[in-house]
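Basically the numbering used here = 1-based index in the sequence shown + 1. The C-beta atom is built at its ideal place from N, Cα and C for all residues, glycine as well.
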Amino acid sequence: MRAIRRFTVQPVLPDALAALGELAGNLRWSWHPETQDVFAAVDPEAWEAAGHDPVKLLGHVGQTRLDELAADEGFLARLGAAHEDLRTYLTRDRWYQRSAAADAPRSIAYFSPEFGITAVLPQYSGGLGILAGDHLKTASDLGVPIVGVGLLYRHGYFRQFLSRDGWQQETYPVLDPDGLPIAPLRDADGNVAKVTIGLPDHGTLTARVWVAQVGRVPLLLLDSDTEENSPEIRGVTDRLYGGNSEHRLRQEMLLGIGGVRAIRAYTQITGAPAPEVFHTNEGHAGFLGLERIRELTETGPRLAFDVALEVSRAGTVFTTHTPVPAGIDRFPIDLVAQYFGGDNACPGVPVDRILALGAEDYPGGDSSVFNMAVMGFRLGQRANGVSQLHGHVSRGMFGGLWPDFDESERPISSITNGVHAPTWVAREIFDLVRSYGGRPGPEPDADHPSQVFELADKISGQDIWRTKRALREKLVLDARKRLRKSWKQRGAAPAELTWIDSALDPDVLTIGFARRVPSYKRLTLMLRDPERLKSLLLHPERPVQLVIAGKAHPADEGGKKLIQEIVRFADDHEVRHRIVFLPNYDIGMAQPLYPGCDVWLNNPLRPYEACGTSGMKAALNGGLNLSILDGWWDEWYDGNNGWAIPSADGIDDPDRRDDIEASALYDLIENEVAPRFYDNDAEGVPYRWIAMVRHTLKSLGPKVLADRMVRDYVTTLYAPAAASSRTLNGDFAGAVELAAWKKRTREAWRGVAIDHVESSGVADTPALNETLEVRAFVSLGDLTPDDVDVQVVHGRIGNDDNLVDTHAESLAHAETYEGGRHRFEGKVRLSSTGAFGYTVRVLPKNAHLAGPAELGKVTYPPA
Ligand SMILES: *Cc1c(COP(=O)(O)O)cnc(C)c1O
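Next up, the structure:
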């Protein structure tokens, strides 16, 4: 029979064990093996049975065992030490307190649709969520005062298993919040904090606010499953990335609007400082900007919309995460009008203004959709992509927002992603580093992260090799366990499964490939020539083995087909001991997977992989990357720290392109990777391989750390955003002025023209270091010389007379003539030889702009 209600009965911890509750209640245990040891010691079997979930463990361990532990001096000492360590971690000054500028933001709110922190809080689908999780953990390690905001999905993301014929099946486990490592936010009277948002037709959504404590960082999670809501509305936070457009829109309204309200409830209850910076991690969370405008227009200072927009924008950072069009959220414009208009309209945030923010009102845009990324750029004064290449691709993709600017000048910067080492680096590697006197871990070396990686040269080849073999073996054992479980699910009898005991080999070159299965990641590229792959797997002296995993989105039939192709290939008796597909890729599988692989394979269709982070995790574990030059690899591949699969970029026929790239992949494995791996010296150590591992650790280690990433966010985005925000906040005079100036400048820009440009001072064929004098005669119409920056832009001449490697220098205002005409002048030193050219342009100028392209206005001389 079915239960109509369920509870999770919490254990009563004896007073002496109270610290266990505290350790279980802070997710820092998930990246702190010593704390995990304490849980394991509570009851080793129950710890395994609970899937290394402390909350579950404490719910299952019997009272007798708890009483026993409460009297066990040895255990109490370990518990005390772990507790003390957590206390120290939570209270001691970290990098931010020591090193960040005195005027660094007091608090930063970080909004994301998914967070991947630990396998026991399955609120993520892939890289975006894992990155958000790593961002929070690293912020905690560095002492950055972040508050995370997300949704609590009742079913999380789905669990994957396979049918007999290899078709992806999905289940959606019900997550009981009482059994999760989260606690309700309660006010001083003990009431559970709730927030509401309006829906059309006088509807309201009420959401509970939960807090997951990620080290020093609180993560607020909104949950629509409360009794105030109708069954339909209770289901708004049912699952991640499920449902139709309307469902997604409701989720994103709850995340953005409800999220800001949850922050207000949190800061009011706890006394924590209000965020000065709001970080919109991917477009999905973008409605947070509308709520902040509403706060400013309808309450408190009751600013005009345009003024509130400037205030909110100044403190908002937007990160775009994908160049894949399907990854960009777009809603039917009528749906957005329905949800933000009618009886749900806010007087301070008129629906036509909202629609304008998300409009694709540029050539090639679709006037029937509301684009969340476009709104993100308009609501955030600072924006970035997640690798240099992705920044470049994004500046192209969103170029319609700044049509008059060259690609390189469009205001989208980039910060390359990184990964949280304590989460992703095997304990065995930390132990090895320690045994050579290193102090691994992020924080102690935050200011000198490269030091620990220099140790790679000191650790003996044998020790490296022995450790890698142990990690490979661990992966093999874990993979066999998963394989057995999967085959049982697929209906195999135990007698059919004896082969699994010898599936994979701890001494064979192991290549990993695990990621979500959108088509651009090309899961099946390796199957392009099945016979060729087979011969690599079965090579008599230099075999390779492949460990593969990944989930397809439930609605993606094409992706499921790819999985089926791989599974069918791997089911073949001839190769099944050398290639395995492991169902249900998640953090729990990923953690032993990266360290156990010798090579990490990545073969996306360039340039669709915005960054990619799995290869970074492999690298930190001494794995070598074998990858298309896309995302982060395009930036940091140096010719010796792995292999680049050449990509056939210019070829339009996708089949031919796949053929060419797959063939290059096979060649690399056969001629470069495998020979190096199996080229052992007398001691059985492949020294040329080890040299590459060492070089990988030294060259990539410091760069791929999330420490570097979070510090980059703090210094290049959060701190400047906080500064901008402060100058506009105060009495709002600056914002009033800025909004008025922008309006005036936009309107008056029609009157700006470059009438005439003269130069003198050099001969027809000038020599190096001669000085060119430039005079520009400019009409400014209703604008004054202070409103504009008149620049000379000079550089080398490239194709079609285009300037390349340009430098811009401002010209000084020299004289005003009648009719709004002015002369500007300045000098340019000819500092390089060869074809040189220059032009002059006029840009809007205001101290409150983050960059010259912000208004999208620029005037060049008439052609
Ligand atoms: C790191 C990670 C990802 C992201 O990998 P990409 O290389 O960015 O595709 C996805 N899922 C899990 C479980 C991960 O650990």
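Within the model, the alpha-carbon separation for residue 295 versus residue 347 is close to 8 angstroms. Here residue 547 is buried, its C-beta having at least 16 other C-beta atoms within 10 Å. Distance from the Cα of residue 350 is smallest, within the candidate group 292, 466 and 632, for 292.
Apart from the 5 residues on each side of it in sequence, residue 439 sits with its Cβ closer than 7 angstroms to the Cβ of 453 and 456 in its chain, given in chain order. Secondary structure at residue 247: helix, using DSSP grouped into helix, strand and coil. The residue among 398, 306, 781 and 467 with its C-alpha nearest the C-alpha of residue 611 is 398.
With contacts defined as CB atoms closer than 9 angstroms, residue 110 and residue 150 qualify as a contacting pair.
Ranked by Cα distance from residue 157, the first of 112, 89 and 223 is 223. By the 16-neighbour rule on beta-carbons within 10 angstroms, residue 672 is exposed. In this structure, the beta-carbon distance from residue 211 to residue 221 falls below 9 angstroms.
Relative to ligand 1, residue 71 has its C-beta separated by 8 angstroms or more from all heavy atoms.
Following the DSSP letters along the chain, one finds residue 808 inside the beta strand (DSSP E) bounded by residues 804 to 811. In this structure, residue 79 sits near residue 42, with a CB-CB distance shorter than 9 angstroms. Residues of the same chain with a CB within less than 7 angstroms of the CB of residue 479, apart from the 5 flanking positions on each side, are 593 in chain order. Residue state for residue 626 is assigned as strand, using DSSP reduced to three classes. Look at the stretch 237 to 286 and you find these whole runs of beta strand (DSSP E), each 3 residues long or longer: 278 to 282. With respect to the C-alpha of residue 182, the residue from 192, 214 and 367 having the closest C-alpha is 214.
Apart from sequence neighbours up to five positions away, the residues of its chain that approach residue 832 with a beta-carbon distance below 8 angstroms are 769 and 770, ordered along the chain.
Non-local C-beta neighbours of residue 606 in its own chain, meaning closer than 7 angstroms and more than five positions away in sequence, comprise 521 and 523, ordered along the chain. Ranked by Cα distance from residue 819, the options 179, 504, 30 and 781 are led by 781. Taking 8 angstroms as the cut-off, the C-beta of residue 195 does not count as close to any heavy atom of ligand 1.
Residues 491 and 492 of the same chain have their beta carbon placed closer than 6 angstroms to that of residue 165, with the five preceding and five following residues left out of the count. According to the DSSP assignment, residue 45 belongs to no beta strand (DSSP E) but to the alpha helix (DSSP H) extending over 45 to 50. The stretch 101 to 110 and the stretch 132 to 150 touch, with three or more beta-carbon pairs separated by less than 8 angstroms.
When Cβ pairs closer than 8 angstroms are counted between the two stretches, the stretch 120 to 138 is seen not to touch the stretch 689 to 696, the count staying below three. The three-state reading of DSSP puts residue 372 in strand, counting E and B together.
Unbroken beta strand (DSSP E) runs of no fewer than 3 residues, entirely contained in the stretch 568 to 637, are found at 580 to 582, 600 to 603 and 625 to 629, following chain order.
Cα atoms of residue 822 and residue 747: separation of roughly 19 angstroms, rounded to the nearest angstrom. Within its own chain, the residues whose Cβ lies closer than 6 angstroms to the Cβ of residue 667, once the five positions on either side in sequence are excluded, are 533, listed in chain order. According to the DSSP assignment, residue 646 belongs to no alpha helix (DSSP H) but to the beta strand (DSSP E) extending over 643 to 646.
Residue state for residue 727 is assigned as helix, using DSSP reduced to three classes. Distances from the CA of residue 738 to each of 494, 311 and 792 were compared; the closest alpha carbon is that of 311.
Annotated three-state conformation of residue 317 is strand, per DSSP.
DSSP links residue 485 through a beta bridge to no other residue. Comparing alpha-carbon positions, the option among 335, 245, 381 and 338 lying closest to residue 284 turns out to be 381.
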